[in-house]
Amino acid sequence: MLSLGLVKTADKYISMVIFTKLDWIQSQPRLLSWAQSAGHELIEAGTAIADPSRVGVLVTREADMNNLGLLRHNQSILALLPIRDEEIEGDIERTIKYIERLSPEKPSVVLNNHNEGFEHFQFQIAKSEDRWKLIEQLGDYVRTKPVFETFPDMAKTIASELLTNAFYNAPQDSSGRAIQPNRADQVAFTPPRFVDFSYGDDGTHVWIRVGDPFGTFSRDKLLDHLMACASRDQLVVREGVGGAGIGLFMVFRWASELLFVFEPGRETFVMVKLLKTKRMRTFDSQRAIFEVIERRKTDA
């Protein structure tokens, strides 16, 4: 296993760790020479994971099920960086750039590398029925972009999934059950609570962001849902297969970059970046940079 060193902060260390097979790393001179020139060391993965003060990134060629399982069972891993055999050189460069941008103070590269000033539209939604008009506005906006024909509908599907979860799954009672499980009923939040919805174009991606004010979702729940879908090989998501987690799995498979931030009792925040392209084959061949950050009360 390859460790990408330690970065000293005010009161703790953060390590960036690549989990992959050593023989594969040594067969990739660009990645290996970069790691060595930066002074990084080779260590066992278990050494990094056993120390809760060390945070890792997973660079992998494995299948979704294996990757999601590693994230699920190793809380120290904050990001998944996939390497595709057919795009190996480009993905290695993407991985190196990602790791070089990691900051101990700002652990989300997806968010910190985000050019919100390019185009940005933001809304605060208090009533569930108001989401439909905004979803249609998103679709109209995406149609002005250089994308393939069904791209706008995919963007609308993602927004619908995230907004519906924010209104109907996030508000829960003390036992963890949804207060309003019937999605045909209307839901209205009272100030200062609302769902934050924004979207835009950062030059390379169309992006969608949704935040709820409850913080009832968690890293473990998300990864359990995604693993359940991956284990059933439910990858042909455009055919409308139903079931728990399918909508989130769609988001995972369609995204170019995907960020979930969980703050228990306060907020769940999701950001999805969709690669602008006129070629569906290019879009479908992606594997997302996937960040999962859970902020606990003891975190700085």
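In our numbering, the protein residues as written are 9 to 308. Where a beta carbon is used, it is the ideal one built from N, C-alpha and C, also for glycine. Because the structure is a prediction, the values reported are computed rather than measured.
| query | result |
| --- | --- |
| DSSP beta-bridge partners of residue 208 | 128 and 215 |
| Beta strand (DSSP E) segment containing residue 197, residue limits | Per DSSP, residue 197 belongs to no beta strand (DSSP E) and is neither H nor E. |
| Member of 264, 65, 229 and 295 whose CA lies at the smallest distance from the CA of residue 112 | 65 |
| Run of the alpha helix (DSSP H) containing residue 100, from where it starts to where it stops | 96 to 109 |
| Alpha carbon of residue 34 to alpha carbon of residue 40, nearest angstrom | 6 Å |
| Of the residues 199, 81 and 180, the one placed nearest residue 235, counting alpha carbons only | 81 |
| Beta-carbon spacing of residue 204, residue 132 below 8 Å | yes |
| DSSP three-state assignment for residue 150, whether helix, strand or coil | helix |
| Contact under 8 Å by Cβ, residue 296 with residue 268 | no |
| Beta-carbon proximity check, residue 79 vs residue 89, cutoff 8 Å | no |
| Of the residues 103, 214 and 172, the one placed nearest residue 150, counting alpha carbons only | 214 |
| Extent of the continuous beta strand (DSSP E) to which residue 90 belongs | 85 to 90 |
| Spatial distance of residue 270 from residue 174 (CA atoms) | 13 Å |
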